[in-house]
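Residue numbers (the numbering used here): 31 to 681.
For glycine and all other residues, C-beta sits at the position ideal for the given N, C-alpha and C.
Right, one structure below, let's go through it.
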Amino acid sequence: MSSAPRKDGVGSPQNPDGAERFNEAQAASTVARAQPNLELGVAAIREVVETLKPIPGVYRMCDARGDVLYVGKARSLKARVVNYTQVNQLTNRLQRMVSQCRSMEIVTTNSEAEALLLEAQLIKRYRPPFNVLLRDDKSFPFILLRADHEFPRIHKHRGARRAKGNYYGPFASAGNVNTTLNALEKLFLLRSCTDSFFNNRDRPCLLFQIKRCSAPCVGRISEPDYAALVAQAKDFLAGKSGKVQADLEKQMAKAAEDLDFETAAILRDRLRAATFIQGSQAINAKNVGDADVFAIAAKGGQMCVQAFFIRGGQNWGHRAFFPSHIKDVEEAQVLANVMLQFYEEVPPPPTVLTDRELPESELIEAALSELAEKKVVISIPQRGDRRKLMAQAERNAVEALDRRLAESGTKAKVQRELAEFLELGEPPQRIEVYDNSHIQGAKAVGAMVVASPEGFEKSQYRKFNIKSAQTNDDFAMMREVMERRFTRAMKDDPDRERAGVWPDLVLVDGGKGQLSSVMEVLGELGIEDLPVIGIAKGPHHGREGREIFHFPGGREKMLPTNSPVLYYAQNLRDEVHRYVIGAHRAKRSKAITASPLDEIPGIGPTRKRALLLHFGTASKVRAAALEDLRRAPGVSDAVARKIYDFYHASG
31 MSSAPRKDGV GSPQNPDGAE RFNEAQAAST VARAQPNLEL GVAAIREVVE TLKPIPGVYR
91 MCDARGDVLY VGKARSLKAR VVNYTQVNQL TNRLQRMVSQ CRSMEIVTTN SEAEALLLEA
151 QLIKRYRPPF NVLLRDDKSF PFILLRADHE FPRIHKHRGA RRAKGNYYGP FASAGNVNTT
211 LNALEKLFLL RSCTDSFFNN RDRPCLLFQI KRCSAPCVGR ISEPDYAALV AQAKDFLAGK
271 SGKVQADLEK QMAKAAEDLD FETAAILRDR LRAATFIQGS QAINAKNVGD ADVFAIAAKG
331 GQMCVQAFFI RGGQNWGHRA FFPSHIKDVE EAQVLANVML QFYEEVPPPP TVLTDRELPE
391 SELIEAALSE LAEKKVVISI PQRGDRRKLM AQAERNAVEA LDRRLAESGT KAKVQRELAE
451 FLELGEPPQR IEVYDNSHIQ GAKAVGAMVV ASPEGFEKSQ YRKFNIKSAQ TNDDFAMMRE
511 VMERRFTRAM KDDPDRERAG VWPDLVLVDG GKGQLSSVME VLGELGIEDL PVIGIAKGPH
571 HGREGREIFH FPGGREKMLP TNSPVLYYAQ NLRDEVHRYV IGAHRAKRSK AITASPLDEI
631 PGIGPTRKRA LLLHFGTASK VRAAALEDLR RAPGVSDAVA RKIYDFYHAS G
């Protein structure tokens with residue numbers, strides 16, 4: 031639990047206070063051709079070493095384009111970086127890294143612990159190819175019990191913890207939060223509505239009727255009584271569930287003794303909610319308190335880190351992480367790197383349990399303590415409940431990794447069969463799928479989704495607001511999307527050397543017409559070797575139909591209805607449908623609420639509201655004389671002149 035908003039990252043170069051703590055400078059650089067060259071890499075590093083001092087800090091190795099290859103920290107920058115010039119002592123992986131290095135960037139810090147935190151932040155930011163990466167782009171949800179209202183609200187929260195209140199988490203998923211919130215509402219009858227909804231009620235809402243809220247909005251409960259419920263909720267979420275349940279049992283017994291059976295029934299339902307929360311804990315962690323549990327398993331060239339989140343002796347879910355870039359890295363080092371990147375998003379608890387000794391364990395403890403602003407202890411449980419909990423985490427890590435390997439084997443087979451069916455040289459590592467959505471040409475939006483062997487890469491999705499195609503012309507819309515996408519790709523990476531810029535396969539939702547439009551655009555751009563396939567619905571449409579795959583040149587192919595490759599292709603097409611339709615609906619919704627006054631420069635929401643209240647409609651604002659505009663509340667002479675001139679170009 032965190033009782034206050036988290037401060038800005040201590041190691042962030044973007045932190046306004048960072049200048050007082052860090053000193054970042056571009057080190058001497060040597061720019062050369064992009065091809066790997068070990069001698070040039072060593073020369074560039076030696077040039078930097080001459081400028082370094084034996085002080086703590088973080089270094090970034092960059093290639094000829096300036097892209098970050100690796101982020102590392104050091105107690106002594108000079109002693110650490112000079113090691114990379116001793117080529118014979120480097121592993122093959124590090125030699126490959128040095129051979130691509132052409133420059134370095136240095137950030138000095140006040141301590142090695144600060145350097146460790148900054149290293150984790152920069153790894154999350156730059157995603158370097160030679161660092162162990164925590165491949166998880168989902169934020170962790172919390173339960174927030176706000177403290178900025180006389181009747182505090184309880185609700186799910188994601189993102190920065192700036193609001194005043196108590197944060198409980200992390201929870202492993204939104205499902206865990208929603209289940210717990212539903213039970214907490216039944217148990218403590220706290221409101222979950224927004225302040226604006228609360229302030230505009232004149233009678234209780236449905237949640238009061240189904241006994242999930244005490245209706246403080248309409249005075250059905252006094253402020254002191256509501257505060258007592260809030261105090262009980264805090265005790266329960268802090269691990270004092272036994273005390274809360276005992277109090278409820280006493281109140282229920284007294285109500286029954288007083289023949290107040292209605293109150294007794296309400297208290298009985300609240301006790302059932304408390305029992306439900308306790309019973310939903312698949313893991314017995316009653317005596318653990320606040321702790322995170324980490325265990326790692328390795329097999330088949332992959333690793334899985336299993337994390338359990340225990341708060342107040344309650345299990346708030348677990349999640350399996352599958353880090354990337356782990357070749358030639360020890361399991362303990364991978365676990366340490368995953369933990370540090372994980373705690374960039376989540377405040378550390380007082381206790382962190384691991385299944386093995388971590389490298390530089392004391393330094394990691396110091397860094398996490400600085401991040402949490404309280405003492406954090408990392409330990410390996412040996413006996414009792416903590417050892418049982420660790421054994422369960424270890425077992426879950428192994429099982430999750432086995433499932434991953436089985437799924438990977440199936441996915442790899444599908445990828446190979448897809449490559450064979452589409453006549454590709456090798457399985458595609460990056461697939462881009464395109465579609466557009468509109469209503470008779472209006473509010474047209476194009477979309478690109480990206481898939482890799484690991485699944486959908488949602489951070490790579492892109493939307494295109496289609497501008498040039500004003501009519502109901504799907505082909506022209508697809509032309510615009512492809513022209514914008516690949517003109518940018520040619521500008522960013524004309525030699526196709528950077529990962530994540532060029533696809534290995536382009537799938538277009540549509541038939542011969544859409545495919546011809548795409549091939550025409552690529553031909554005009556001089557791109558002739560990019561595999562492009564069109565997917566059109568078969569004669570029966572939908573999943574029971576057999577999609578037709580259109581190849582350049584007019585060839586067509588089909589797959590059996592029970593083919594895993596067909597199912598995979600349908601998933602790709604359905605995902606781009608979902609994404610583009612969502613973008614189109616959002617654009618339509620925005621247009622519905624838009625006003626012609628939005629187009630006038632310098633007219634914000636407040637002035638727009640004042641003008642509409644004064645004149646009634648936007649058309650009357652447009653027809654108003656200059657003197658009428660000057661008389662409108664909140665409109666100065668200069669603003670009135672600006673509005674008048676916008677609608678009357680002749681003055």
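Separation of the CB atoms of S106 and I136 is rounded to 12 angstroms, and the pair is thereby denied contact status at 8 angstroms. The Cβ atoms of E447 and V595 sit closer than 9 angstroms to each other.
For a cut-off of 8 angstroms, the C-beta gap from V248 to L152 is around 52 angstroms, too long to register as a contact. Around the C-beta of E577, 16 or more other C-beta atoms lie within 10 Å, and the residue is accordingly described as buried. Membership of S409 in the beta strand (DSSP E) is indicated by the continuous run 407-409. Look at H607 here: in three-state DSSP terms it is helix. The alpha-carbon of R250 is positioned some 18 angstroms away from that of A295. Secondary structure of K404 (DSSP, three-state): coil.
If you look at D539, you'll find it in the beta strand (DSSP E) that goes 535-539. Judged by DSSP secondary structure, V562 falls within the beta strand (DSSP E) whose first and last residues are 562-566. Contact annotation: L237 and S222 have beta-carbon atoms nearer than 9 angstroms. Judged by their CB atoms, Q125 and L99 are not nearer to each other than the 9 angstroms cut-off. Minimum Cα-Cα distance from K241 among the listed residues E215, R176, K194, A150 corresponds to E215. Between A402 and P379, the gap from beta carbon to beta carbon is short of 9 angstroms. Residue burial annotation: L370 is buried, with at least 16 other C-beta atoms found within 10 angstroms of its C-beta. Excluding its 5 nearest sequence neighbours in each direction, H355 has C-beta neighbours in its own chain below 7 angstroms: P159, F160, N161, V162, L163, listed in chain order. For D322, there is no enclosing alpha helix (DSSP H); the enclosing beta strand (DSSP E) has its first and last residue at 321-329. With a contact defined as Cβ atoms closer than 8 angstroms, R652 and Y677 qualify at about 5 angstroms. Non-local C-beta neighbours of N592 in its own chain, meaning closer than 6 angstroms and more than five positions away in sequence, are absent. Three or more Cβ pairs drawn from the stretch 477-489 and the stretch 459-469 lie within less than 8 angstroms of each other, which places the two stretches in contact. Excluding the 5 residues flanking it on each side, P353 has same chain C-beta neighbours closer than 8 angstroms at V162, L163, L164, R165, M333, V335, V364, N367, V368, in chain order. The beta carbons of V475 and A613 sit about 5 angstroms from each other, so the pair counts as a contact at 8 angstroms.
Taking each of I673, L398, K521, L220 in turn and checking the Cα distance to L174, the smallest one comes out for L220.
A check of alpha carbon separations from A655 across G540, R671, D288 identifies R671 as the nearest. Per DSSP, the continuous beta strand (DSSP E) segment holding L174 begins and ends at 172-176. Counting C-beta pairs closer than 8 angstroms gives fewer than three between the stretch 537-545 and the stretch 516-526, which falls short of the contact rule. Shown here, H185 sits in a strand according to DSSP, grouped into three states. In the structure shown, the three-state DSSP call for D465 is strand. Sorting F339, L383, T384, Q344 by C-alpha distance to the C-alpha of V376 places F339 at the top.
The criterion of a C-beta distance shorter than 9 angstroms is not satisfied by E374 and A145. Out of L217, R425, E550, the CA that lies nearest to the CA of F516 is found in E550. Excluding sequence positions up to five before and after V562, its CB lies within less than 6 angstroms of the CB of V536, V548, all in the same chain and listed in chain order. The closest CA to that of R231, considering only F218, Q239, A245, is found on A245. The three-state reading of DSSP puts E577 in coil, since its state is none of H, G, I, E or B. Contact check for A662 against A648 fails: the beta carbons are separated by 9 angstroms or more. Around the Cβ of G331, a 10 Å sphere holds fewer than 16 other Cβ atoms; the residue is exposed.
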